[in-house]
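Be aware that the sequence shown starts at 13, since it is given in the working numbering, and climbs by one per residue.
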Amino acid sequence: MKLHKSQLLPLIPHYSLETPLNWDVIFEQKAPVDVEIGFGQGEFLLQQAKDNPTRNFCGIEILWERVAKTLNHITPKDKRKPCLSNVRILRCDAWIALDRLINIKSVDNFYSLFPCPWPKKKHLKYRLFSNDFLKLINSRLNDNGRFMMVTDAAYFYDWVLEQSPNTGFSVQKKVIDPQFATKFEKKWLNEGQNKFFQVEFIKNKHVDVPVKENVEVKSFKLDSFDPDGFCFEDYKDDITVICKEIIFDPGRQKANVHLIVSEEHLTQNIRVAIYKKGDYWRLCLAEGQEYFPTEGVNRAIELVYHAAS
Ligand SMILES: C[S@@+](CC[C@H](N)C(=O)[O-])C[C@H]1O[C@@H](n2cnc3c(N)ncnc32)[C@H](O)[C@@H]1O
């Protein structure tokens, strides 16, 4: 879906903002903030924002196609301004959003409707609402804050309930009727399911999970550089760094190294540049990239330095 520039206004430019995010900088009005995780096409998020103009709403969604559909609803193509001013979108993985972007005790309510239940055993590791993630949600909630999750899958409901001990929440569960009118609720209704499982987590004790901080990104100087001698060994430890390719432009005396860096829940594609500068070669992150400055990024830069030395 092609969007007009003005339709991108509700997107939070999280790579270029100071972290943790300051809601007062992001929203026009100073107001309590609710966050929806995995909002899909945004039906519930936008309805909530419409119904509660004195609150702010932030939606987190990883898939661009769904984000684009939601942005298209926030600002119809013929309008120059969003028709909802109290909603913002974080296009990001929810783990990363909570771990690195959202501040401690800064959210009143989290919601997640019909999150992916990952039914296959080999995919269990992808389930989001683990004990650790519930602790993360707790730490980002204000005192007495709540997290409400609704699922169509009984086995996933049981699994989430098993994850809840020692997460600082009291838990209320109930079977509910359809009421959210989201794409997935409608899908299950069409398939004949008309009862869903709701879990409400009510914060009764604060669990401290610090916000992950950005690191200062390293750069190096090399006396000389021979692209034919570049020898990178993929690195696998707590951090994984894989070199996808190196391209050298002899005319510009510039190499570009493409790497994939994985650490905890975060995988990033980064590019490291090595280019001639006067009588030395500079080795640093290539310009114009969007990335989280992490230990993994620095490890990758160090490894490129060793491979180029
Ligand atoms: C089954 S759909 C439900 C969508 C919507 N809530 C609804 O009821 O129609 C789950 C949504 O969560 C999103 N999602 C899955 N994992 C995510 C993650 N780690 N971070 C952010 N969004 C995620 C998916 O892209 C998808 O849009």
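Even for Gly, the Cβ is constructed at its ideal location relative to N, Cα and C.
Going by DSSP, E55 is part of the alpha helix (DSSP H) stretching over E55 to D63. Contact check between the segment 106-123 and the segment 221-229: three or more CB pairs, one atom from each, fall below 8 Å, which counts as touching. Shortest gap from the CB of L75 to any heavy atom of ligand 1: under 8 Å. In the displayed model, R67 falls within coil according to three-state DSSP, outside both helix and strand. A distance below 9 Å separates the beta carbons of S118 and N154. When secondary structure is reduced to three states using DSSP, F304 falls in the coil class, being assigned neither helix nor strand. Rounded to the nearest angstrom, the Cβ distance from T179 to N156 is 15 Å, too far for a contact under 8 Å. In this structure, Q19 is the residue among R283, A320 and Q19 with its C-alpha nearest to the C-alpha of K81. Distances between the C-beta of C104 and the heavy atoms of ligand 1 include at least one below 8 Å. Inclusion of A106 and I72 in the CB contact set at 9 Å is warranted, their separation being smaller than that value. With a cutoff of 8 Å, W171 does not count as near ligand 1, since its C-beta is closer than that to no heavy atom of the ligand. E212 is not a Cβ neighbour of F126, given a cutoff of 9 Å. Under the 8 Å Cβ criterion, the segment 141-148 does not count as touching the segment 57-70, having fewer than three qualifying pairs. Relative to ligand 1, the beta carbon of L125 is positioned inside 8 Å of a heavy atom.
In this structure the segment 238-254 does not lie against the segment 132-139, because fewer than three pairs of beta carbons, one per stretch, are closer than 8 Å. Bounds of the beta strand (DSSP E) holding V273 are K266 to E275. When the beta-carbon positions are compared, V162 and Q205 stay at least 9 Å from each other.
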